[in-house]
Each structure stands twice: as C-alpha cells, then as structure tokens.
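Numbering (UniProt numbering), first residue to last: 1 to 607.
Worksheet for the structure shown next.
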C-alpha cells in the first residue's frame, strides 16, 4: 500500500515553505510572525481546524486567522506533523506541544507526544509526566506514570526535585495505594516529613489527611520515636497528634509482643493495612510426608503467609530438582519422580500461568544445583541413577539450547550453586563416598574452574545463595547431623566467614532472597520433613521465624520474581479477595496523654 503522506509530504512541505498555493495565513501577534499553510492539510489532521476553516470561508478562498494562546513554535510543530507526520520533540518543547496538540485536537501528534514521554520517562520527570497526563486525560500515559511512581517511590521521594511539587491530594493518593512499593513504612514516614518540611507553615495543615495514609502501625519503633520527637516541636493540631499517638500505640504494642493482629482486623484499619509486595517467593515440588509432590506455594512477605497454587502446580510429582528465574520466567531443571531421573526441563510463565517444555539436558540430573548467570542457566553435577556428575551445561533461553561447558574439578550431587558478580560458585555436595567441604568458581569468559578455600565443614544437601555480593553456604548434612551453621564467602577476600546459625538445623531445603532477607524454606531436620521457615537479616545478624509452609517438604526448590504485573494473583490481595475491603473511616479520639505519649494500656486498644 502506498503511503501518500510519505510520498507527498516533502513536496507539500516544500510548497508551503515557498508560500505556493497557500490559502491560510496564521497570525501570531505576540511573536509578530505569520505562517502560511494549506487549509486542506491542516483540516485533514484535526477536527478543530476543519471547523475553524469552515466557519471562516471567504469569497476569495484565502483566510487569515489567529489562535489565541498558541505560540509560533508550537504551531510550527503542529504544522510539521500535519505535513510530514513527524515531530521534532525534545525535553524543552514536549510539554507545550502536547498541550497544544490536545487543545487543537491533533490526535495523531498527541499520540506521538505520549509515546515520546513514555520512552523518555525516568525518575527526574515521572511526576511531571503524571501531572500532564492526568490534566490531559491521557489514560495510558497516566497509568504508566502512576505505576512508575509507585515502583520508584523511595528514589523519587529522596532524589527527585519533582517530589516536593506534589499537591497534598496527590501525595495522599500515592501513600494510600496498596500497590506502593516500599520495603518498610519508614520510607513513607520519611516522605511525609520531607514534604511537610519544605513548606512547613502551610503544609503542616495537611497532616490529618496525610498521616492516616501511612501504615503507622507498621513503622519501626526507632523511626516512630524520631517521628514523635520531630512533630513535638511543631504546632501540630490535636487530630494529627491523636493519629500519631494511635499509630505509636500500635507500633509499641507490636514491638513488645511481636504479634500482628489478624488480617481481617488489619484490613479495616488504615494504620495496619498491608501493601502488595514487590517480590513473590515460589516453592515447587519436593518430598512431603505423603511422598514426592507437585505442589506450588507462593509467599507474601507483607502478610507473612503462604498460599496454594493448585492450577499452577507441576504436571507430575518432582523432587531434588532446581528452579531458576530468568526474565520473569521460572525454569525447572532435572529432578526425580520416584521412578525416573530426569534430563527434562520446563518453564513456567507467571503472567499467563502456563507451563511449556524446553530442550532437554544432555544428562539426567537428580540432586542437581543450578543458577542464573548472564542470562544463561547453568546446571551443575547431579546423579543420573548410576553415576554422579562433574559435568556442567548451560542453557540459552533465546536459542532454547543446552551447551556443555568445562567440568567441575570433582563429581558433586546435592551441592549448591549461585552467581555472584559475573562468576558461578558451587559448594559442598556428595561425591558418592563422602560429604564435601570443597568449593569452586567458574569464569564464563575463560571457561575454567578454580578451586576456592574449603568451607569450615562438610555440607551435602547444602543451599548456596548469592546475597550482598557474597556467597552464603547454609545448613546441609556433614555425615552425622543436620547443620544449623552458616558461612559466607567474599570473592575479594578469598575466605569463608561465620554467620549467625539458623534457628533449626536442616538439609535439602529451599532458599531465596526477598527484600534483603534470606528465606530458608522446609527441608529435612534429621527426623522428618519440615515446613519450618525462617529468614536472615544481615544488618541484625539474626534469624527470625516466618509462617510455615502449608505442606512441609524437603528436596524442593525456590526462587523469587520481582515486579510481576499480576503479583496479586499469587499473594494476599488476589488469594483472599473476599477479605479485601476499603479501609474504614476512623474516628481519631484523643486518648489520655502523658508527656506526649499515650498512656492507654494495650488491653484497651481499639485497633
């Protein structure tokens, strides 16, 4: 099909530039300039011009018009688009051009401007783009900008100059959003303080609107103490102080008891309502009390709860496999079905909730360890029912192809693997005769393995995790007992360092990182499979119990996906929609006070 605009556009533009056959003169009094155009060309791209020229016809056929409020440069962009279907957009003119295109109903240029803003959206301009899109009712652009703000709020609130230009209603809307991505509510508190401080005399009046939008009951006690101290020096109204004290009461109570209220109670209280997580932990398969299973569970760390995913479960029972994430896709590698050692592999698309077969490995691998590195999946060692392997192969998702790489220095099954700073690390495992304490590193640039300093103890059934540029070797079996011991290896130091031991010794468990915490899931504790879950925080160097798996299991595998569009389908707001309701409107009654802090006892809390 011939593109007449592309063919004729340059010729028509040439005629216009020379003033030939033009029948409209556009006047720009403020700029003291005129522009000659062809009415048919402008009328073809805008209903506004079609109407304008229809009601300004003259017997001579030539008209002169002036459009108030439109500059010569903005009209130049409109005319260029009308003639060539192209626009010279940049950061300096995009705002005025998109407003003019909307006003003059040049829908094609409006769409071009939207696409330009979408392509160039970043942390410096996202809030401004959101404001423009909302003003012009550009819903697609508004939605994208809104999502960007929610996902990058911490950076925007600390680094972007646009943040301080938000209105109180806009900031309230952001803070109220369940989908706001912040690791803790401390960030929301900091954002409110910064915004109010910018124009303290004016903005402190909006605290009664802003404070209930923060989940104050979920703020850390240290941050809350600082917050109370901060606002005690300001002329805060009684309603704001009451909200602060209500939140402090909740926060202090949780710090004392470490027990959160039931979810149904939290949802109705705006100070406790959980947010949608940014990451979700998937656990698949394993050996349960009833044998090998195919169950998939997902974990919502915002509500500390596991959920079943029956329709997404594997097609058959599976254990001693590996699971790796690449580009929002889960890859399940090898494993054992109780009757067969597998060389097969499958992938799961969380967005579409569909499974599909991928190319099989060269070798069957049960007790396999795997990791992602540079967009490739590396499957290391394992057992095929007869022999244990030292071989390693890598998978290219783009080509759907496995390729053999250099063998490890020794055979390993039941080892652990992870990728750190461009290199692959494998540690521990079983040689067929003994549990191993050795570790080695693979450089994909040289296709060579290098032996590392041995770990402090033998570890078969160990889980190895990449965390904060270090290699963590967790738990395992030393030939006698299941270990609770943990150690980490920094590549630049070349040594293993001790880490706080787990609460429960275990081997053959799953592990993954969520929001700067290492979660260890299930495993075998020496007497049976367990559903016990705990997580490690490096800044505290301590382990904390989390909600147990719905189905206790060992020999499972786990991984996380971040930024999933339909993450609610796997977490609380999707799994327990029947409980989800809009927050109640609370009556913030002023309690008895002593020294600025509520004296109401925990037993009398109305949360």
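Just so it is clear, CB atoms sit at the ideal spot from N, CA and C, and this is done for glycine as well.
This one's a predicted model, so the numbers in the text were calculated from it and none came from an experiment.
Residue 505 to residue 520 span [Cα, whole Å] = 11 angstroms
Give me the Cβ distance between residue 435 and residue 479, rounded to the nearest whole Å; I'm assuming they're in contact under 8 angstroms.
-> 5 angstroms
CB residue 363 to CB residue 343, shorter than 7 angstroms?
-> yes
Output the distance between the C-alpha atoms of residue 211 and residue 192, rounded to the nearest integer angstrom.
-> 8 angstroms
Could you tell me whether the stretch 220-234 touches the stretch 310-328, using the rule of 3 or more Cβ pairs below 8 angstroms?
-> no
Just reading off the alpha helix (DSSP H) that residue 316 is part of, what are its end residues?
-> From DSSP, residue 316 is part of no alpha helix (DSSP H); its letter is neither H nor E.
Round the Cβ separation of residue 513 and residue 469 to the nearest angstrom and send it over; I've been treating them as touching at under 8 angstroms.
-> With a Cβ gap of about 12 angstroms, residue 513 and residue 469 do not count as contacting.
How many angstroms separate the CA atom of residue 321 from the CA atom of residue 328?
-> 19 angstroms
Out of 387, 380, 49, 385, point me to the one whose CA is closest to residue 395's CA.
-> 380
Does the stretch 385-400 come close enough to the stretch 526-533 to have 3 or more Cβ pairs within less than 8 angstroms?
-> no
Can you tell me which of 118, 26, 159, 150 puts its alpha carbon nearest to the alpha carbon of residue 565?
-> 150
CA nearest to the CA of residue 162, picked from 123, 187, 251 = 123
CB contact flag (residue 409, residue 440, <7 angstroms) = yes
Close-in-space but distant-in-sequence residues of the same chain around residue 116 (CB under 7 angstroms, 5 per side omitted) = 89, 94
Would you call residue 144 buried or exposed, if buried means 16 or more other Cβ atoms sit within 10 Å of its Cβ?
-> buried
Would you tell me roughly how many angstroms separate the C-alpha atoms of residue 59 and residue 77, rounded to the nearest one?
-> A caution first: residue 59 carries a pLDDT of 47, below 50, which makes its placement in the model unreliable, though a value can still be read off. Going from the Cα of residue 59 to the Cα of residue 77 covers about 30 angstroms.
Can you grab the Cα-Cα spacing for the pair residue 467 / residue 171, in whole Å?
-> 34 angstroms
For residue 368, the nearest candidate out of 319, 398, 13, 552 (CA to CA) | 319
Excluding five sequence neighbours on each side, which residues of the same chain lie with their C-beta closer than 8 angstroms to the C-beta of residue 351?
-> 328, 564, 565, 566
Check each candidate in 472, 503, 366 and name the one with the smallest Cα separation from residue 337.
-> 366
Which of helix, strand or coil does DSSP assign to residue 109?
-> helix
Rounded to a whole number of angstroms, what is the C-alpha to C-alpha distance between residue 393 and residue 105?
-> 58 angstroms
Contiguous alpha helix (DSSP H) assignments of at least 4 residues, all confined to the stretch 36-80 | 39-45, 47-54
Is residue 295 helix, strand or coil when you go by DSSP?
-> strand
For the stretch 542-550 against the stretch 489-497, are there 3 or more C-beta pairs whose distance is under 8 angstroms?
-> no
Grab the span of the alpha helix (DSSP H) containing residue 103 for me, first residue to last.
-> 94-103
For residue 509, which three-state DSSP category applies?
-> coil
DSSP three-state call for residue 252: helix, strand or coil?
-> helix
Does DSSP put residue 283 in a helix, in a strand, or in coil?
-> strand
Boundaries of the beta strand (DSSP E) in which residue 612 is found, first to last residue | No information on residue 612 is available, as it lies outside the stretch 1 to 607 that the chain covers here.
Can you give me the Cβ contacts of residue 102 inside the same chain, cut-off strictly under 7 angstroms, excluding the 5 residues immediately before and after it?
-> 110, 136
Would DSSP call residue 367 helix, strand or coil?
-> coil
DSSP on residue 514, reduced to helix/strand/coil?
-> strand
Determine the direct distance from the alpha carbon of residue 481 to that of residue 239, and round the result to whole angstroms.
-> 58 angstroms
Counting along the chain, where does the beta strand (DSSP E) carrying residue 356 start and finish?
-> 354-358
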